[in-house]
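Engineer: Can you keep this structure in mind? I'll have questions shortly.
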Amino acid sequence: NTGIKQIKVSKEATKETTLNTLIVPKGKRSSLTLADGSKVWVNSGSTLKFPSTFKTDKREIWVDGEIYIEVEKNKAHPFYVNTSHMVINVVGTQFNVTAYDEDTDYSVVLVEGCVDVSIDKEKARLLPNQMLSVSTDQISVKKIDVNNYISWKEGYLQFASEPLSNILKRLSRYYDTPIDCDNSIAQLKCNGKLVLFDNIEDVIEGLMCELGIGGFMGIADVNPGMKILVRTTEDAVYTGELISHTQDSVL
Numbered sequence: 021n022t023g024i025k026q027i028k029v030s031k032e033a034t035k036e037t038t039l040n041t042l043i044v045p046k047g048k049r050s051s052l053t054l055a056d057g058s059k060v061w062v063n064s065g066s067t068l069k070f071p072s073t074f075k076t077d078k079r080e081i082w083v084d085g086e087i088y089i090e091v092e093k094n095k096a097h098p099f100y101v102n103t104s105h106m107v108i109n110v111v112g113t114q115f116n117v118t119a120y121d122e123d124t125d126y127s128v129v130l131v132e133g134c135v136d137v138s139i140d141k142e143k144a145r146l147l148p149n150q151m152l153s154v155s156t157d158q159i160s161v162k163k164i165d166v167n168n169y170i171s172w173k174e175g176y177l178q179f180a181s182e183p184l185s186n187i188l189k190r191l192s193r194y195y196d197t198p199i200d201c202d203n204s205i206a207q208l209k210c211n212g213k214l215v216l217f218d219n220i221e222d223v224i225e226g227l228m229c230e231l232g233i234g235g236f237m238g239i240a241d242v243n244p245g246m247k248i249l250v251r252t253t254e255d256a257v258y259t260g261e262l263i264s265h266t267q268d269s270v271l
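Numbering (the numbering used here), first residue to last: 21 to 271.
Next up, the structure:
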C-alpha cells in the first residue's frame, strides 16, 4: 500500500565513508532514523544518501526528491542537507525539502528552528513558518502554513489556494501515472485535504468531490501507463482515459 515502508537500502563505498542509498519508488513513502538520532521521512520517487556513521566534524546527507527531517540538536556537529540545487545548513530543527533533480522549481519549508540555505552565491536564513522557493532562478521567501507542505508524510495532501495543475502534478509523481487537465481549469484554486488512497481512481474521485465537480466517470482500475484526463466536457465519453466532466461553472 502507500503507507510508510522501510525500504531496503544499498551501500556505496567512497574514500571517505560508506553511503547508504534509499530509493523510494513511486506510490510509496518511507522513513528511517539516522545514526545521530535524526528522523527522516522520504516521499514518493525520492532518493536519499546517508552514511552509516557521521564524521566527527559534521553530519551530511544528500537528497534527490522530497524529505521531511527532524534534526537532532548538536551545535558541535552541524548538519548539512545537499541537493543538486542548494545546501541547507542546520544545527537542530524540523523542515521540509523539495528538490527533485528533474524539476526547475524547488523549496525549503521551515517548521521549527533556523536554517541557512545556500544557492550558488546566494544565501538566505529562514525562520519558522517561512518557505524559500526558487522558480526560474528567482528566489523568494514568504510566510506560509507549514501543514500545507508537510502533510504528505501523514498520508494526505492539505492545500490552500493551490492551483489544480500543481495538485495533479504531485499526484502524477506520487502514483507514477500521467495526469493532465483542461487549461480552462488548470489554475482553479483548491482548498481542502486529499487522502492518498492506494487506488488512484479513489483519489481523483475524492478530488473532484472536493472541488464540487460532479459527474465523475470512474473505471474499474487504472492500468500502468494510462493517462488520466480531468476536463470540463459536459457530455464526456469514456474512450480509454479516466475522465471527469462537469458543467461550465466550477466551484
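Glycine included, C-beta positions come from ideal geometry on N, C-alpha and C.
Mind pulling the beta strand (DSSP E) runs of 3 or more residues that sit fully within the region 145 to 183?
Structural biologist: If we require 3 residues or more, the beta strand (DSSP E) runs fully inside the region 145 to 183 come out as 150 to 155, 158 to 163 and 176 to 183.
Engineer: Would you call the region 45 to 61 and the region 89 to 101 touching, i.e. three or more CB-CB distances under 8 angstroms?
Structural biologist: Counting Cβ pairs under 8 angstroms, three or more are found: they touch.
Engineer: Less than 8 angstroms between the C-beta atoms of residue 39 and residue 50, yes or no?
Structural biologist: For the purposes of this step, residue 39 is taken as residue 19 along the sequence shown, with counting starting at 1. For the purposes of this step, residue 50 is taken as residue 30 along the sequence shown, with counting starting at 1. Going by C-beta atoms, residue 39 is not nearer than 8 angstroms to residue 50.
Engineer: Any contact of the region 192 to 204 with the region 69 to 84, i.e. 3+ C-beta pairs under 8 angstroms?
Structural biologist: These segments do not touch.
Engineer: Could you have a look at residue 250 and say whether DSSP puts it in helix, strand or coil?
Structural biologist: As a working note, residue 250 is residue 230 in the sequence shown. Residue state, collapsed to three classes: strand.
Engineer: Using the Cα positions of residue 223 and residue 198, report the straight-line distance between them to the nearest angstrom.
Structural biologist: Position 203 of the sequence shown holds residue 223. Position 178 of the sequence shown holds residue 198. Looking at the two C-alpha atoms, the distance is approximately 14 angstroms.
Engineer: Can you check whether the CB of residue 163 is closer than 8 angstroms to the CB of residue 150?
Structural biologist: In the sequence shown, the residue the question calls residue 150 occupies position 130. In the sequence shown, the residue the question calls residue 163 occupies position 143. Contact flag set, yes.
Engineer: Please state whether DSSP places residue 109 in a helix, a strand or coil.
Structural biologist: Within the sequence shown, numbered from 1, the residue matching residue 109 stands at position 89. Strand, per DSSP.
Engineer: How is the alpha helix (DSSP H) around residue 204 delimited, first residue to last?
Structural biologist: By one-based count along the sequence shown, residue 204 stands at place 184. Start and end: 203 to 206.
Engineer: Roughly how many whole angstroms lie between the Cα atoms of residue 195 and residue 212?
Structural biologist: For the purposes of this step, residue 195 is taken as the residue at position 175 of the sequence shown. For the purposes of this step, residue 212 is taken as the residue at position 192 of the sequence shown. Distance between the alpha carbons of residue 195 and residue 212: 20 angstroms.
Engineer: Can you have a look at residue 210 and say buried or exposed, based on whether 16 or more other CB atoms are within 10 angstroms of its CB?
Structural biologist: The sequence position of residue 210 within the sequence shown is 190, counting from 1. Buried.
Engineer: Determine which residues share a DSSP beta bridge with residue 119 and list them.
Structural biologist: Start at 1 with the first residue of the sequence shown, and residue 119 comes out as number 99. Per DSSP, 85.
Engineer: Mark residue 85 as exposed unless 16 or more other C-beta atoms lie within 10 angstroms of its C-beta, in which case mark it buried.
Structural biologist: Position 65 of the sequence shown, counted from the first residue, corresponds to residue 85. It is buried - the Cβ of residue 85 has at least 16 other Cβ atoms within 10 Å.
Engineer: Need the endpoints of the beta strand (DSSP E) that residue 70 sits in, please.
Structural biologist: Residue mapping note: residue 70 aligns to position 50 of the sequence shown, counting from 1. Taken as a continuous stretch (DSSP letters only), the beta strand (DSSP E) holding residue 70 covers 66 to 71.
Engineer: Based on the DSSP secondary-structure assignment, which residues constitute the bridge partners of residue 129?
Structural biologist: Numbered from its first residue, the sequence shown carries residue 129 at position 109. BP columns for residue 129 point to 116 and 151.
Engineer: Could you give the first and the last residue of the continuous beta strand (DSSP E) run that contains residue 52?
Structural biologist: Residue mapping note: residue 52 aligns to position 32 of the sequence shown, counting from 1. That run of the beta strand (DSSP E) goes 49 to 53.
Engineer: Does the beta-carbon distance from residue 83 to residue 103 come in below 8 angstroms?
Structural biologist: Here residue 83 corresponds to residue number 63 of the sequence shown, with the count starting at 1. Here residue 103 corresponds to residue number 83 of the sequence shown, with the count starting at 1. Cβ distance < 8 angstroms, so residue 83 and residue 103 count as in contact.
Engineer: Please determine, among 94, 250 and 118, the residue with the shortest C-alpha to C-alpha distance to residue 173.
Structural biologist: The residue labelled residue 173 in the question sits at position 153 within the sequence shown. Nearest C-alpha to residue 173: 118.
Engineer: Identify whether residue 219 lies in helix, strand or coil by the three-state DSSP scheme.
Structural biologist: For the purposes of this step, residue 219 is taken as the residue at position 199 of the sequence shown. It is coil, neither helix nor strand.
Engineer: So, residue 111 versus residue 93, is the Cβ gap smaller than 8 angstroms?
Structural biologist: Reading the sequence shown from its first residue, position 91 is the one you call residue 111. Reading the sequence shown from its first residue, position 73 is the one you call residue 93. In this structure, residue 93 lies closer than 8 angstroms to residue 111 by Cβ.
Engineer: By Cβ distance, which residues of its chain are closer than 7 angstroms to residue 121, with the 5 residues on each side in sequence left out?
Structural biologist: Looking up residue 121 in the sequence shown gives position 101. Same-chain partners within the cutoff: 84 and 104.
Engineer: Considering only residues of the same chain and omitting the five flanking positions on each side of residue 116, which have a CB-CB separation below 6 angstroms?
Structural biologist: Here residue 116 refers to the residue found at position 96 when the sequence shown is read from its first residue. The residues are 88, 129, 169 and 170.
Engineer: From the DSSP output, in three-state form, read off residue 229 for me.
Structural biologist: Your numbering for residue 229 matches position 209 in the sequence shown. Correct three-state label for residue 229: helix.
Engineer: So what does DSSP say about residue 63, is it helix, strand or coil?
Structural biologist: Here residue 63 refers to the residue found at position 43 when the sequence shown is read from its first residue. Residue state, collapsed to three classes: coil.
Engineer: In whole angstroms, what is the alpha-carbon distance linking residue 79 and residue 183?
Structural biologist: Stepping through the sequence shown from its first residue, residue 79 is reached at position 59. Stepping through the sequence shown from its first residue, residue 183 is reached at position 163. Using only the alpha carbons, I get a separation of about 37 angstroms.
Engineer: Grab the span of the beta strand (DSSP E) containing residue 197 for me, first residue to last.
Structural biologist: On the sequence shown, residue 197 is found 177 positions in, with the first residue counted as 1. No beta strand (DSSP E) contains residue 197, which DSSP labels as neither H nor E.
Engineer: Using alpha carbons as the reference points, say which of 46, 215, 186 and 97 lies closest to residue 55.
Structural biologist: Against the sequence shown, residue 55 aligns to sequence position 35. Of the candidates 46, 215, 186 and 97, the one whose C-alpha sits nearest the C-alpha of residue 55 is 97.
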